[in-house]
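**Q** Be aware that the sequence shown starts at 21, since it is given in the working numbering, and climbs by one per residue.
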Amino acid sequence: MTEKTGTFVVTHAETDSAVVRDVETAQVHTLGSNPDLEVHDVLEATVAPEPPLDVTWELVDVADRRAIELVDSDLEPTTYEKELAADADVGDLVQEDRAGTGEIHVFSVPEGEVEPAAQDVLADEETISRAARLEAVRVEVRRSVDDGVLSVRYLPD
Numbered sequence: 021m022t023e024k025t026g027t028f029v030v031t032h033a034e035t036d037s038a039v040v041r042d043v044e045t046a047q048v049h050t051l052g053s054n055p056d057l058e059v060h061d062v063l064e065a066t067v068a069p070e071p072p073l074d075v076t077w078e079l080v081d082v083a084d085r086r087a088i089e090l091v092d093s094d095l096e097p098t099t100y101e102k103e104l105a106a107d108a109d110v111g112d113l114v115q116e117d118r119a120g121t122g123e124i125h126v127f128s129v130p131e132g133e134v135e136p137a138a139q140d141v142l143a144d145e146e147t148i149s150r151a152a153r154l155e156a157v158r159v160e161v162r163r164s165v166d167d168g169v170l171s172v173r174y175l176p177d
């Protein structure tokens with residue numbers, strides 16, 4: 021095995037080890053130590069296998085480190101987001117680029133399922149990975165129970 025450079029999300033962290041996952045390939049790397057990493061940290065880094073067995077990995081270089089803030093917002097989706105959802109079938113995802121960077125994901129959700137869907141998005145590790153791929157630092161989840169709309173906003177700041 022050789023070293024690998026990419027964007028990684030910390031999925032597990034203990035005092036003496038951590039687990040990072042490549043956001044592009046989903047490959048998991050168990051680090052043989054924990055250089056003060058926390059779950060949901062995003063690293064632009066290089067990892068390399070630790071000799072002699074090459075079973076665990078080590079952080080060779082960290083070019084950037086950031087945290088992704090997950091926000092369970094009490095705001096409703098915007099009028100535009102509600103319009104996007106109105107044109108979608110129930111269960112469909114509508115992805116929209118934001119002006120500048122980031123994305124907005126809008127779901128039309130079945131009646132009675134908006135709150136559980138919002139909690140699923142907030143708990144899903146893939147939400148953090150997607151934010152890392154989009155170079156977002158904040159993920160804001162908005163919902164309208166009355167309209168059956170859930171929006172997930174991947175924001176650069």
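We put the beta carbon where it would ideally sit given N, CA and C, even for glycine.
Just mark V48 as buried or exposed, buried being the case when its beta carbon has 16 or more other beta carbons within 10 Å.
**A** It is exposed - the Cβ of V48 has fewer than 16 other Cβ atoms within 10 Å.
**Q** Where does I88 fall in DSSP's three states?
**A** Coil.
**Q** Measuring alpha carbon to alpha carbon, tell me which residue in E96, E145, D177, V110 is nearest H32.
**A** Per the Cα distances, E145.
**Q** Could you name the residues of the same chain whose beta carbon sits closer than 7 Å to that of E58, not counting the 5 residues immediately before and after it, in chain order?
**A** V30, A33, listed in sequence order.
**Q** Hey, how far is the Cα of T50 from the Cα of T99?
**A** So the alpha carbons of these two residues sit roughly 44 Å apart.
**Q** Is there contact between the segment 82-91 and the segment 101-116, where contact requires at least three CB pairs shorter than 8 Å?
**A** The answer is no - the segment 101-116 does not touch the segment 82-91, with fewer than three Cβ pairs under 8 Å.
**Q** For a test of the three-state rule: what should DSSP assign to A138, helix, strand or coil?
**A** Looking at A138 - three-state DSSP - the assignment turns out to be helix.
**Q** To the nearest whole angstrom, what separates the beta carbons of T76 and G52, a pair I think is in contact under 8 Å?
**A** With a Cβ gap of about 4 Å, T76 and G52 count as contacting.
**Q** Thinking V43 and V67 are a contact (beta carbons under 8 Å), I'd like their distance in whole angstroms, please.
**A** No, V43 and V67 are not in contact; Cβ-Cβ is about 13 Å, not under 8 Å.
**Q** Counting C-beta neighbours from all protein chains within 10 Å, is the total for L95 16 or more, i.e. buried, or is it exposed?
**A** Label assigned to L95: exposed.
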